[in-house]
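Asker: This is the structure I want to talk about, given as structure tokens.
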Amino acid sequence: MELKIEKIDWLFLLMCLLVGVVAEEAFFMYQIGISYFVFIVLFYALFFYRFRSFSFSHQRLGYLILIAIWLLAIGYYLYDSILFYTLNILVIPTLVIFHLALITSPKKMEWSKLSFIFYMILRLIAGVRYSAIFTKYIGRLFKPSRNKKQYDVWKKILIGIIISVPFLFIILNLLMSADAQFARLLSNIPNFINIRVDYIFRLVVILIYTFGFFGFMQVLLQKNTSILEKKDSPQPFGVDGIISLTMLLLLDLVYVLFVAVQFKYFFSGTLNEGFTYAEYARRGFFELLFVTLINLTVITTVIQLTKKVQGYLKKAIRMALTVLVFSSGVLLISAFMRMTMYEDAYGFTFTRVLVHSFMIFLMVILAYTFAKIWIEKLSLFHFYFIVSLLYYAGMNIVNFDKFVVERNIDRFETTGKIDINYLNNLSATGVLGLIELYEKNPDVPGLAELLKDRQANKEYLTSESWQSHNLTRHKLYLKLGELDL
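And the structure:
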């Protein structure tokens, strides 16, 4: 790779360095809060400045992913969910890389095929390679052959320092013995060195970010047309229609018998003898997993691998797939009802609400898959990706913790039952809910003592660093300060 570095590239490198400093401050110094959103704003300002005259592709999907990225980033400031805090450390960078590769890719490239994943990985590798070559290029600028006089000067300075070391050692020891204040001053040098070691580590992180941003974006500027689908590419693998139909009929037979025998068990709303609520809901959830991992996999695989089948055999396969989809829907509804019974008995938790939302998501997936069975021109992967992105972004921006708190308080008002310890450990939103509950019902057993303990340790909710500022934790800090116990 032969580099042609112009003035705009040096300016862009300087801007990458500034964003690299912000990245190190945002992610390595303190707990992530509003810092993630600040970084995303600056990062995309840098990107759109560098690509201001670039002709982007796949713009509609690109805008959707961009909005999702910004929503996920602002979630670090708005909410206090441990699950999404952890997941988004990986999800957001992955979406950013996918987004940049997508909108800078050739317009003819199909993003929904496996080849695009290889394209994205190759772009990343090329970015690393570009940064390495650029580093060597910078090194060549300071070669002794080009700057002989400067090299000789630095060489003589280094020799002078080496010769001075033994004299300095003796003189410093004598001066330290003669003056205690001077000795104390020199004794602080190790602490100074320790700080500098920490600075060196931070500098390394900043440089990694800087050259990572610089190399990746410089490579994306160069449209690579070599990784495109060729017209003479091999035909997709297919499966014989009779084999597929036989397998589907056997699966359908199992599901139809299973649903028919246990139909009353599914929808009676009562427990069979020998089952607890926990066992009932847990068995329903594993049935849900079975549906997602087996049925959807089978359905999508058969759809993709039987495209060449025609005639009555094609119609028979479609009918068999339809039965499989509806059987999966019955199992999902059953699992949904089981989880509802479990929540009525034991209350709402983040996990239970999350499972409920996931079931609704799967019902949407199944409905579209059913449409795909009969309408061949629909694209499964396009829909799966977009709906999954919307679902995940929606889960982040909708305050699940607040929903859980509100449902548990409503349940307390009707049944008098509530798990205050769970809400206390849920998040800052959970503690805010307990404060609301205390203001309405101060006689709840153990609630006053729990809030007193929270009030005594409220300082951990605040931080002097701007990076960790979080709206929900700040609101809880103020509420605890105002609470009269």
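For the sequence shown, position 125 (counting from the first letter as 1) is numbered 467 according to our numbering, and the numbering increases by one without interruption.
Where a beta carbon is used, it is the ideal one built from N, C-alpha and C, also for glycine.
Does the distance from the C-beta atom of L779 to that of V786 stay below 8 Å?
Answerer: For this step, residue 779 is matched to residue 437 along the sequence shown. For this step, residue 786 is matched to residue 444 along the sequence shown. It is a contact, given that the beta carbons lie within the stated cut-off.
Asker: With 16 other CB atoms within 10 Å as the buried threshold, where does T567 fall?
Answerer: Counting from one through the sequence shown, the residue named residue 567 turns up at place 225. Note that T567 has pLDDT 47, beneath the 50 cutoff, so the model's placement of it is unreliable and the number below is only indicative. Its Cβ having fewer than 16 others within 10 Å, T567 is exposed.
Asker: Just to confirm the assignment, what range does the alpha helix (DSSP H) spanning I374 have?
Answerer: Within the sequence shown, the letter at position 32 stands for residue 374. Here I374 belongs to no alpha helix (DSSP H), and DSSP marks it neither H nor E.
Asker: Would you mind giving the Cβ-Cβ distance between V747 and G788, rounded to the nearest angstrom? I have them listed as a contact below 8 Å.
Answerer: Start at 1 with the first residue of the sequence shown, and residue 747 comes out as number 405. Start at 1 with the first residue of the sequence shown, and residue 788 comes out as number 446. Contact between V747 and G788 is ruled out by a C-beta separation of about 17 Å, above the 8 Å threshold.
Asker: Assign G758 to one of three DSSP states: helix, strand, or coil.
Answerer: Within the sequence shown, numbered from 1, the residue matching residue 758 stands at position 416. Residue state, collapsed to three classes: coil.
Asker: Measure the C-alpha to C-alpha separation of I409 and T756 and round it to an integer number of angstroms.
Answerer: Within the sequence shown, numbered from 1, the residue matching residue 409 stands at position 67. Within the sequence shown, numbered from 1, the residue matching residue 756 stands at position 414. Using only the alpha carbons, I get a separation of about 40 Å.
Asker: Any contact between the region 346-354 and the region 395-411? By contact I mean 3 or more CB pairs, one from each, below 8 Å.
Answerer: no
Asker: How about F692 and F742: are their beta carbons less than 8 Å apart?
Answerer: Indexing the sequence shown from 1 puts residue 692 at position 350. Indexing the sequence shown from 1 puts residue 742 at position 400. Yes. Within cutoff.
Asker: With a cut-off of 8 Å on the beta carbons, I'd call G557 and Y472 a contact; round off their distance for me.
Answerer: Taking the sequence shown and counting its residues from 1, the one referred to as residue 557 is at position 215. Taking the sequence shown and counting its residues from 1, the one referred to as residue 472 is at position 130. Yes, G557 and Y472 are in contact; Cβ-Cβ is about 4 Å, under 8 Å.
Asker: Go through its chain and collect everything with a Cβ distance to E366's Cβ below 7 Å, but skip five positions before and after it.
Answerer: The residue given as residue 366 occupies position 24 in the sequence shown. The answer, listed in chain order, is R544, V547, I548 and Y551.
Asker: From which residue to which residue does the alpha helix (DSSP H) around S669 run?
Answerer: What you label residue 669 is simply residue 327 of the sequence shown in a count that begins at 1. Unbroken alpha helix (DSSP H) run through S669: G653 to Y688.
Asker: Name the residue from N430, K794 and S807 whose alpha carbon lies nearest to the alpha carbon of A415.
Answerer: Taking the first residue of the sequence shown as position 1, residue 415 is located at position 73. For the residues N430, K794 and S807, the minimum Cα distance to A415 belongs to N430.
Asker: How many angstroms separate the CA atom of E571 from the CA atom of W808?
Answerer: Walking along the sequence shown from the start, residue 571 turns up at place 229. Walking along the sequence shown from the start, residue 808 turns up at place 466. Caution is warranted here: a pLDDT of 46 is assigned to E571, below 50, making its placement in the model unreliable, and the coordinate value is therefore given only provisionally. A straight line joining the alpha-carbon of E571 with that of W808 spans about 48 Å.
Asker: May I ask which residues mark the beginning and end of the alpha helix (DSSP H) holding Q564?
Answerer: Translated into the one-based positions of the sequence shown, residue 564 becomes position 222. According to the DSSP assignment, Q564 belongs to no alpha helix (DSSP H), since it is labelled neither H nor E.
Asker: Starting from R815 and walking both ways along the alpha helix (DSSP H), at which residues does that stretch end?
Answerer: Taking the sequence shown and counting its residues from 1, the one referred to as residue 815 is at position 473. Start and end: L813 to E824.
Asker: Assuming I715 and L663 make a contact with CB atoms under 8 Å, what is their CB distance in whole Å?
Answerer: By one-based count along the sequence shown, residue 715 stands at place 373. By one-based count along the sequence shown, residue 663 stands at place 321. Correct: roughly 5 Å between the Cβ atoms.
Asker: Which residues in the same chain have their Cβ closer than 6 Å to the Cβ of G671, if we skip the five residues on either side of it in sequence?
Answerer: Here residue 671 refers to the residue found at position 329 of the sequence shown. Annotation for G671: L708 place their beta carbon closer than 6 Å to its own, counting only its chain and skipping 5 residues before and after.
Asker: Put F398 into one of helix, strand or coil per three-state DSSP.
Answerer: Position 56 of the sequence shown holds residue 398. Correct three-state label for F398: coil.
Asker: Go through its chain and collect everything with a Cβ distance to G362's Cβ below 6 Å, but skip five positions before and after it.
Answerer: Reading the sequence shown from its first residue, position 20 is the one you call residue 362. If we look at G362 and ignore the five residues flanking it on each side, its Cβ neighbours are I548, Y551 and T552.
Asker: Got a sec? Which residues, its chain only, sit under 6 Å from V364 by beta carbon, not counting five neighbours each side?
Answerer: The residue given as residue 364 occupies position 22 in the sequence shown. Closer than 6 Å at the Cβ level, and outside the excluded window around V364, lie F381 and L384.
Asker: Where Y659 and V667 are concerned, what is the direct C-alpha to C-alpha distance, given to the nearest angstrom?
Answerer: By one-based count along the sequence shown, residue 659 stands at place 317. By one-based count along the sequence shown, residue 667 stands at place 325. Here residue 659 is Ile; the residue named in the question, Tyr, does not match the sequence. Going from the Cα of I659 to the Cα of V667 covers about 12 Å.
Asker: Between the region 724-742 and the region 421-439, do at least 3 Cβ pairs fall closer than 8 Å?
Answerer: yes
Asker: How would you label F379, buried or exposed, when you count the other beta carbons within 10 angstroms and need 16 or more for buried?
Answerer: Translated into the one-based positions of the sequence shown, residue 379 becomes position 37. Per the 10 Å Cβ criterion, buried.
Asker: Measuring straight from C-alpha to C-alpha, what distance separates V651 and M661?
Answerer: One-based indexing of the sequence shown puts residue 651 at position 309. One-based indexing of the sequence shown puts residue 661 at position 319. Taking the straight line from one Cα to the other gives about 14 Å.
Asker: Determine the closest residue to L655 out of R465, L590, I480 and V433, with distance taken between C-alpha atoms.
Answerer: Position 313 of the sequence shown, counting from 1, holds the residue named residue 655. Measuring from the Cα of L655, the nearest candidate turns out to be L590.
Asker: What does the Cβ neighbour count give for T296, buried or exposed, with the cut at 16 atoms within 10 Å?
Answerer: Shown here, the chain extends from 343 to 827; a query on residue 296 therefore has no answer.
Asker: Hey, T814 and L359 are a contact pair by Cβ (cut 8 Å); roughly how many whole angstroms apart?
Answerer: As a working mapping, residue 814 is identified with position 472 in the sequence shown. As a working mapping, residue 359 is identified with position 17 in the sequence shown. So it is not a contact: roughly 33 Å between Cβ atoms.
Asker: Output the boundary residues of the alpha helix (DSSP H) element that contains I739.
Answerer: Here residue 739 refers to the residue found at position 397 of the sequence shown. Start and end: L722 to I739.
Asker: Could you name the residues of the same chain whose beta carbon sits closer than 7 Å to that of L793, not counting the 5 residues immediately before and after it, in chain order?
Answerer: What you label residue 793 is simply residue 451 of the sequence shown in a count that begins at 1. Answer for L793: L776, I777, Y780, L825 and L827, listed in chain order.
Asker: Note down the Cα distance separating T804 from H816, rounded to an integer number of angstroms.
Answerer: Within the sequence shown, numbered from 1, the residue matching residue 804 stands at position 462. Within the sequence shown, numbered from 1, the residue matching residue 816 stands at position 474. Going from the Cα of T804 to the Cα of H816 covers about 7 Å.
Asker: Pick out whichever of P448, T642 and N637 has its Cα sitting closest to the Cα of L593.
Answerer: For the purposes of this step, residue 593 is taken as the residue at position 251 of the sequence shown. With distances taken between Cα atoms, L593 lies closest to N637.
Asker: Between the C-alpha atoms of S447 and L562, what's the straight-line distance to the nearest angstrom?
Answerer: Here residue 447 corresponds to residue number 105 of the sequence shown, with the count starting at 1. Here residue 562 corresponds to residue number 220 of the sequence shown, with the count starting at 1. Those two C-alpha atoms are separated by around 8 Å.
Asker: Going by the beta-carbon positions, is the gap between F389 and M559 smaller than 8 Å?
Answerer: The sequence position of residue 389 within the sequence shown is 47, counting from 1. The sequence position of residue 559 within the sequence shown is 217, counting from 1. In contact: F389 and M559 (Cβ atoms closer than 8 Å).
Asker: Mapping DSSP to helix, strand and coil, what is V786?
Answerer: Taking the sequence shown and counting its residues from 1, the one referred to as residue 786 is at position 444. The answer is coil: DSSP assigns V786 none of H, G, I, E or B.
Asker: As a quick exercise: from T711, S397, F727 and L442, pick the residue whose alpha carbon is nearest that of G469.
Answerer: Counting from one through the sequence shown, the residue named residue 469 turns up at place 127. Of the listed residues, the one whose Cα sits closest to G469 is L442.
Asker: Exposed or buried, which one is I760 when buried takes at least 16 other CB atoms within 10 Å?
Answerer: Position 418 of the sequence shown, counted from the start, is the residue given in the question as residue 760. Buried.
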